[in-house]
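For reference, each letter of the sequence shown is one residue, going 1 to 217 in the UniProt record's numbering.
The beta-carbon is built from N, C-alpha and C at its ideal position, and this holds for glycine as well.
Please read these numbers as outputs of a predicted model, since none were measured by experiment.
Report on the structure given below.
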Amino acid sequence: METSATVPAYFPERQKYFELKKQERLQQLQADESLTFVPHTRPLPGAAERPAETPAERALRMAVKEPAEAAARRAAARQEAAAALSFQPAINARSRRIGRRALQKAAEREALLAAKRAEIDAARLAECTFSPALVGGPRRPAALAAAPPPRGLGRHLELQRLAAKRRAEAEERAAQVFRLAPRAPAHPFTIPQPFRLEGLARQARRRAEGEESHQLA
């Protein structure tokens with residue numbers, strides 16, 4: 001696009017300028033005609049296998065098949081990269097023992113929690129005594145056979161009783177040593193007596209003596 005800054009102001013010069021531009025455009029067109037190179041493009045991979053692909057098939061391929069193939073290629077690349085990593089850290093025996101103990105404690109804790117949950121479920125189930133009367137259906141037996149106790153319940157209850165006994169013994173020893181509950185004194189506080197002035201007592205005594213002498217007279 002020509003602007004006023006590039007186009008000359010005088011008319012003859014403008015005519016020469018436009019003629020020069022016209023000649024440049026013609027030379028450019030002749031140069032473009034001399035370029036005979038035509039690139040050979042190849043179709044996309046798999047395009048020849050699906051020449052008559054329907055829109056539904058194309059949507060299925062783009063939404064399901066191609067993402068699955070890309071995920072498989074990424075997984076294979078990750079496995080190949082992991083196979084090249086041959087370093088294996090050396091773990092000493094102490095760390096192995098600590099790890100095994102931690103796993104064993106976690107398993108024991110999970111077993112205790114499972115036994116506790118089973119105990120709570122059994123107690124809740126025992127409280128459910130409602131038996132609806134079914135009309136025209138099989139009757140429910142009056143008393144159901146007691147379900148077998150869950151595995152590990154007896155051991156769990158025994159551990160709980162032992163822990164409670166140990167806590168009680170520890171609290172008793174602490175109370176004896178540190179006097180957590182000292183014996184209360186016989187008179188824990190002072191009981192105030194009524195306040196009496198000596199002058200009031202003397203006046204009352206004189207009044208009583210006067211009344212007595214008056215009666216004798």
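Under the DSSP assignment, residue 99 falls in the alpha helix (DSSP H) whose first and last residues are 93–127. By the CB criterion at 9 Å, residue 107 and residue 151 fall outside the cutoff.
Sequence-distant Cβ neighbours of residue 118 in its own chain, meaning closer than 6 Å and more than five residues away, are 150.
Cβ-Cβ separation between residue 112 and residue 156: approximately 6 Å, consistent with a contact (criterion under 8 Å). With respect to the 9 Å criterion, residue 21 and residue 8 are not classified as neighbours on the basis of their beta carbons. For residue 22, the enclosing alpha helix (DSSP H) starts and ends at 11–33. Assignment of residue 88 by DSSP, reduced to helix, strand and coil, places it in the coil class.
Distance from the CA atom of residue 25 to the CA atom of residue 74, rounded to whole angstroms, is 53 Å.
Within its own chain, no residue has a Cβ closer than 6 Å to the Cβ of residue 80 once the five positions on either side in sequence are excluded. For residue 134, there is no enclosing alpha helix (DSSP H), as DSSP gives it neither H nor E. When DSSP states are grouped into helix, strand and coil, residue 151 belongs to the coil group. Under the DSSP assignment, residue 69 falls in the alpha helix (DSSP H) whose first and last residues are 66–83. Straight across, the Cα-Cα distance linking residue 173 with residue 163 is about 15 Å.
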